[in-house]
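Asks: Sharing a structure below in structure tokens format, with a few things to ask.
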Amino acid sequence: MIKHLLILTTYGQIFYSQEFEKTEQTVDVALTGGLMSAIYSMTSETQKENISEFELVTSRIIFQEEDQDLLFVLTVDKRMDIKDTNEILKAISKRFFEKHGELRIDGLILTDFEKDATEIIYKKLWYLNTQDRKFRVWDYLATIFVTLALCWYSLLLFGSPQIVGMPEFGIKTFVWESLLQRIDDPGGFILQLLFLVAVIAVPAVGIYLLFKFTHVKDIFRFPRDYLSRPSRASYSELLPNYFLLTILVSFLIYVSFMAFGGGYFSELTVYPLYAGGLYSDLNQPFDLGNIGASIQVSDIGDQVLIGTTSWLTWVFAFPLIYSLLIGEKKWLRIYKNSVFIASITIFILIICYIFAGVKYLEAVGFHPKDPATFRTEQHLLNFQLLSTIPLNIFFYGFLLFLGIGVNKVSPSKTRIPSVIALGIGIYSTLIIQRLIFFALVAPA
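Printed below as a string of structure tokens:
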């Protein structure tokens with residue numbers, strides 16, 4: 001992502017140069033420095049203001065002038081996040097002034113600043129280090145363990161769904177009531193308390209240790225960085241294939257929120273096409289003895305059906321449509337990166353499920369398990385403010401993050417602009433979802 005760093009004076013004296021991207025031809029540092037200082041001086045004199053950057057076809061050159069006529073020039077990939085670029089440039093200039101701020105010797109080109117520059121860049125763009133890592137089965141296993149632990153906590157927080165033949169489970173029954181049952185038995189109470197501490201605290205301790213001693217943290221670290229700034233999606237091409245384990249992570253966590261959180265999220269998918277199709281029989285439990293019928297009539301079957309279908313279409317169908325539309329020759333690489341970004345963005349939809357979940361609606365005073373009452377409540381202003389509006393905000397936020405991220409993966413190579421390709425991909429995916437939901441749910 002970073003191609004070249006150049007430190008020089010505004011009148012062309014070069015102090016430092018470093019290449020970060022291997023090229024077939026060697027760059028003439030003296031010629032490059034002269035050109036950069038000339039461009040900078042020309043714009044300052046003719047336009048009466050300093051140039052901050054200019055763009056090439058695939059690159060962006062960033063200028064930053066500091067005190068004492070020092071000029072820091074960074075050439076980066078055009079898709080790279082501009083804020084990250086500026087932060088790196090500021091950190092490099094600060095470190096340079098700390099070590100060599102007073103240097104003014106004609107003809108001197110520094111060689112001992114490479115360690116500092118490399119440290120700053122790799123600390124900010126930690127993704128660059130991941131490509132050299134070897135395959136480690138332990139990292140895969142650790143990631144799966146952490147994911148299952150997160151699913152366990154969502155089960156504990158939201159409780160188990162209604163399943164025939166299984167007792168109710170949740171914080172109330174698992175923690176509070178189990179302790180109250182042993183309040184008259186000090187020994188039993190202490191043992192039960194220790195048991196609860198173990199099953200609740202041990203997974204947390206395990207997550208902490210795995211994050212500290214394995215590379216599992218990076219599987220979650222990049223999604224955090226991307227969600228904090230979607231324009232970092234272009235860094236996905238720097239990641240090795242084992243980061244695709246994020247797809248499995250997103251699926252397990254996503255489905256756990258669907259099942260345990262009681263989400264139904266059909267407002268923006270099948271509901272406009274088949275009114276009421278997924279709201280009927282919300283009070284029906286899932287029967288393990290008759291799975292085929294339960295999928296058709298229970299709320300859990302509908303939730304898992306909606307969740308799995310929407311996850312599959314957003315994570316796989318949408319990237320495929322987009323990749324083919326932009327005409328990238330190496331479409332498989334673009335498809336892989338788009339799938340990776342979609343699997344990260346899907347975490348925003350989890351928040352949608354929280355606002356649309358049966359248990360959330362019950363907590364804020366609605367009655368989703370009573371179809372007659374719930375249909376009336378859906379027309380109330382309170383329902384719009386507490387459920388529908390937040391649901392739509394996060395759904396369209398999901399589309400925004402998805403669009404910004406995928407658009408950063410690769411520029412369009414066809415006459416179809418990236419924005420148009422995104423729109424076609426999004427609407428095509430929604431159509432596919434509705435057709436699948438209609439085919440599976442409508443007959444019920």
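Note that the sequence shown covers residues 1 to 444 in the numbering used here.
The beta carbon of each residue, even a glycine, is placed where N, CA and C say it ideally should be.
Predicted model, so just to flag it, every value in this text is computed and none were measured.
How many Å lie between Asn392 and Cys352 at the Cα?
Replies: 8 Å
Asks: Check whether the region 199-213 touches the region 374-387, counting contact only when three or more Cβ pairs, one atom from each stretch, lie closer than 8 Å.
Replies: Not touching, per the Cβ criterion.
Asks: Quick check on this structure: which residue in Ser231, Phe213, Trp331, Gly357 has the alpha carbon closest to the alpha carbon of Ala259?
Replies: Gly357
Asks: Which same chain residues, not among the five before or five after Asp81, have their C-beta less than 7 Å away from its C-beta?
Replies: The answer, listed in chain order, is Arg229, Ser231, Arg232.
Asks: Among Arg79, Phe54, Leu56, Met36, whose alpha-carbon lies nearest the alpha-carbon of Leu70?
Replies: If we check each option's Cα against that of Leu70, Met36 comes out closest.
Asks: Which same chain residues, not among the five before or five after Asp116, have their C-beta less than 6 Å away from its C-beta?
Replies: Arg95
Asks: Could you tell me which of Phe54, Lys48, Gln13 sits nearest to Gly34, measuring between CA atoms?
Replies: Gln13
Asks: Do the region 414-427 and the region 378-387 make contact, defined as three or more Cβ pairs closer than 8 Å?
Replies: no
Asks: Please go through the region 133-202 and give each complete alpha helix (DSSP H) segment of 4 or more residues, from N-terminal end onward.
Replies: 137-158
Asks: Taking the C-alpha atoms as reference points, what is the distance between Leu193 and Leu156?
Replies: 16 Å
Asks: By DSSP, does Lys3 sit in helix, in strand, or in coil?
Replies: strand
Asks: If distances are taken between C-alpha atoms only, which option among Ala439, Lys413, Glu119, Asp139 comes closest to Val57?
Replies: Lys413
Asks: For Ser384, name the three-state secondary structure that DSSP assigns.
Replies: Per the sequence presented here, residue 384 reads as Gln, with Ser not at that position. Reduced to three states, the DSSP call for Gln384 is helix.
Asks: Could you have a look at Phe318 and say whether DSSP puts it in helix, strand or coil?
Replies: Three-state DSSP puts Phe318 in a helix.
Asks: Quick one: using the 10 Å Cβ neighbour count with 16 as the cut-off for buried, is Thr214 buried or exposed?
Replies: buried
Asks: Output needed for Ser410: all residues of its chain with C-beta closer than 6 Å, excluding positions within five of it in sequence on either side, in chain order.
Replies: Glu328, Ile334
Asks: Using a threshold of 7 Å, is the CB atom of Val146 nearer than that to any non-hydrogen atom of the ligand FAD?
Replies: Looking for the ligand FAD in the displayed structure turns up nothing, as the structure carries no ligands at all.
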